[in-house]
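Protein chains: 2
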Amino acid sequence: MNFQQLRIVRETVRQNFNLTAVAQVLFTSASGVSKHIKDLENELGVELFIRKGKRLLALSEPGKELLGMVERVLLDTSNIKRLAEQYSQRDEGQLSIATTHTQARYALPPVISRFKQAFPKVQLVLHQASPQELVRLLLNGDADIGIATEAVAAVDELVSFPYYHWHHSVIAPVDHPLHQQTLSLQTLANYPLITYHQGFTGRSEIDQAFNAAGLNVDIVMSALDADVIKTYVALGMGVGIIAAMAMENHHDTQVQAIKAPPLFAQQTARIAIHRGHYLRGFAYHFIQLCAADLSEDIIRQQLHPTELI
Amino acid sequence: MNFQQLRIVRETVRQNFNLTAVAQVLFTSASGVSKHIKDLENELGVELFIRKGKRLLALSEPGKELLGMVERVLLDTSNIKRLAEQYSQRDEGQLSIATTHTQARYALPPVISRFKQAFPKVQLVLHQASPQELVRLLLNGDADIGIATEAVAAVDELVSFPYYHWHHSVIAPVDHPLHQQTLSLQTLANYPLITYHQGFTGRSEIDQAFNAAGLNVDIVMSALDADVIKTYVALGMGVGIIAAMAMENHHDTQVQAIKAPPLFAQQTARIAIHRGHYLRGFAYHFIQLCAADLSEDIIRQQLHPTELI
DNA sequence: GATGCTTACGATACCCGTAAAGATA
DNA sequence: TATCTTTACGGGTATCGTAAGCATC
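Protein sequence lines, in the order shown, are assigned to chains A and B.
When the letters of the first sequence are read in order and numbered with my numbering, they come out as residues 42 to 350.
When the letters of the second sequence are read in order and numbered with my numbering, they come out as residues 42 to 350.
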């Protein structure tokens, strides 16, 4: 048994049992992949995969049980490597952050610029992704930190902490009649609406609020990010509902937020980490730049619950 | 990085940084051990050991942190192997039980004979050991199950379950005057005593009881097991204090237990397992033969707390 | 016929152990 | 001096990739 064999087993599942794809992802040959799987199965005396002829179809029962252990081993070895980097190059290395457009565009810029000042040698990788993709990146170990409002709190394998709270704002062209009216869900429902895609930036909360009020709304368009939404609102296609911070500190001349108390429930952007993932020292600093009360100790306690010190 | 390197790191600590000993234990050459350590340190870019000249003295800071991860990796790989055996040879294999003399001699025989009937092909290895040694065997992965009254409950890395409760008995030669007296700590303290070694079979409870009563006692001899104690009690060297089950079902003609309510607090023999250690199916059966209410589900829950099913 | 898996085989790198030299107590 | 660690070096093995053959869709 060796690490390459374990990597291959894990990647075979991730690549839907296509060994050619596995070989490409792991930068090796298909023949080697094939042989490694055979060798491991021989050594363990168990068939890890269900086959149909030569093709692999799925994990066998023992294969399923094994996969969990394999993933733990590989998680630990990646932790070992990061731990070593932490000591060999304390303030150098890579920090990989997976986040949504909203956070990357409106919440993170000040954090990131302060972080870069503190750790100029750390290479920042910003994966922009959907909340679902972001979860996958964290679970695969391809990202150290995930930041999003959606999805992350519901995944057991992730630890997450509140980052900040925010509300949705309603925006309309500067000359729109809504600016003169008292804003309510009812009045809003009279206009065609433009807002986020399903699963993005609190969209579910918006739907729920209208549903609860028994209102049918006409969402003429949905987009991934506030910039796109603002563009189409400016064109007069409808009234926009976007995250409030997407309007702050911006001098949009064509559209304007409607001044009114929030119509939709408070949202919480969260910072998420894969349970058991070893974080470099500067990663803890990054998190503390986001939320000053999240100290390294507090995070570690949640991340590595079995550590007893 | 490979498994052999990790094994060597772990074993180096266990062998007090004597690489020659490491090589012997791992059945390889000292030169290989030396090179593997160098290679790993090079790859990680960190010195894992503190050296004085050529000799290794201790773990460095990163080495200490690394060790925990290394041990998890090796624990998981041994779990992988056992899991594979579980499927490839369901009712064959090895079950390694570490236990004290008292349990091996008086409590386990019926359990073991029933187990052997149920799993004739399983090779039973009975490590007889002191409670401290028993803990080490469990933590090293050299034993699957530990059974003892002492020590195991105090170790965080072990999960333990109550097996059965027992009391100490006072024994004396058949013609001893104590048989006619009312038994109390005071009367007992008038005689020279023979009992277990420190750290064995509830000895600490005995000391504590006399201390609490403000009594000074003359322990003329201490031994590891009840058989030895009984022998010297029969010779008239003193009054014995042994585990009650060491007198049951035995036709000792020269010594006899004194009929009286128990003088010392109740003791609990416990079944202990290393947290995270994968147990074969028959190991769960063994435990259930000891204590019928300890089902596989209940034990698994404690052993692998992170599993979410 | 296109894609995917396996076998054969040669080149390379890796791992191990012996022997000898160098450090340390 | 005895014990321990490291370096040098040779033999063996494992791993990898190319190429070709074969199965599957």
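Ideal Cβ positions, reconstructed from N, Cα and C, are used throughout, including at glycine.
If you're wondering where the values come from, they're calculated on a predicted model, not measured in any experiment.
Does DSSP put residue i in a helix, in a strand, or in coil?
i      : result
Q127/B : helix
K93/A  : strand
I138/B : strand
A298/A : strand
H345/B : coil
T61/A  : helix
V87/B  : coil
G281/B : strand
T69/B  : coil
H326/A : helix
L100/B : strand
A148/A : helix
H77/B  : helix
Q45/A  : helix
R316/B : coil
I350/B : With a pLDDT of 42 at I350/B, under the threshold of 50, the modelled position of this residue cannot be trusted; read the value that follows with caution. Residue state, collapsed to three classes: coil.
Q307/B : coil
Q158/B : helix
Under 9 angstroms, do residue i and residue j count as touching if we go by C-beta distance?
i      : j      : result
I188/A : L149/A : yes
L175/B : A195/B : no
I49/A  : I78/A  : yes
A287/B : S210/B : yes
R155/B : L330/B : yes
L226/B : L304/B : yes
I339/A : G281/A : no
T190/B : Q308/B : yes
G134/A : Q158/A : no
D117/B : G322/B : no
G104/A : L89/A  : yes
H220/A : I283/A : no
A310/A : Q144/A : yes
R51/A  : R113/B : no
A275/B : Q249/B : no
H315/A : G182/A : yes
From residue i to residue j, what does the alpha carbon distance come to, in whole angstroms?
i      : j      : result
S361/B : D80/A  : For chain B, the structure presents residues 42 to 350; residue 361/B sits outside this window and is missing.
L85/B  : F44/A  : 16 angstroms
L349/A : L108/B : Because the pLDDT of L349/A is 45, which lies under 50, any placement of that residue in the model is unreliable, and the number read from its coordinates should be weighed accordingly. Using only the alpha carbons, I get a separation of about 14 angstroms.
F68/A  : T53/A  : 13 angstroms
D185/A : Y204/B : 44 angstroms
A267/B : T236/B : 8 angstroms
F29/B  : L199/B : Outside the displayed span of chain B (42 to 350) sits residue 29/B, for which this structure offers no information.
M42/A  : L115/B : 12 angstroms
G255/B : A230/B : 10 angstroms
L335/B : P302/A : 58 angstroms
L124/B : Q65/A  : 30 angstroms
S70/B  : N120/B : 27 angstroms
H292/A : H142/A : 19 angstroms
A285/A : A324/A : 27 angstroms
G279/B : I312/B : 33 angstroms
T228/A : I247/A : 15 angstroms
A332/A : S171/B : 51 angstroms
R354/A : K122/A : This structure cannot settle anything about residue 354/A, because the visible part of chain A is limited to 42 through 350.
Q222/A : H206/A : 27 angstroms
N59/B  : Q130/A : 29 angstroms
V261/A : Q297/A : 19 angstroms
Y232/B : I270/B : 15 angstroms
Q46/A  : D197/A : 27 angstroms
T272/B : D132/B : 41 angstroms
I337/A : G94/A  : Going by the sequence as given, residue 337/A is Glu instead of Ile. So the alpha carbons of these two residues sit roughly 52 angstroms apart.
Should residue i be labelled buried (16 or more other beta-carbon atoms within 10 Å of its own) or exposed?
i      : result
F241/A : buried
L98/A  : exposed
L179/A : buried
V289/B : According to the sequence as given, residue 289/B is Glu; it is not Val. By the neighbour-count rule (16 or more Cβ atoms within 10 Å), E289/B is not buried but exposed.
V166/A : exposed
P346/A : exposed
S201/A : buried
V87/B  : buried
T61/A  : exposed
(request) Could you pull out every unbroken alpha helix (DSSP H) segment of at least 4 residues lying fully inside the stretch 192-221 of chain A, listed in chain order? (result) none
(message) Quick check on the DSSP output: what are the complete beta strand (DSSP E) runs of length 3 or more inside the stretch 161-193 of chain A, in order along the chain?
(response) 163-169 and 186-189
(request) Taking only runs that begin and end inside the stretch 217-274 of chain A, name each unbroken beta strand (DSSP E) of 3 or more residues, in chain order. (result) 234-237 and 260-264
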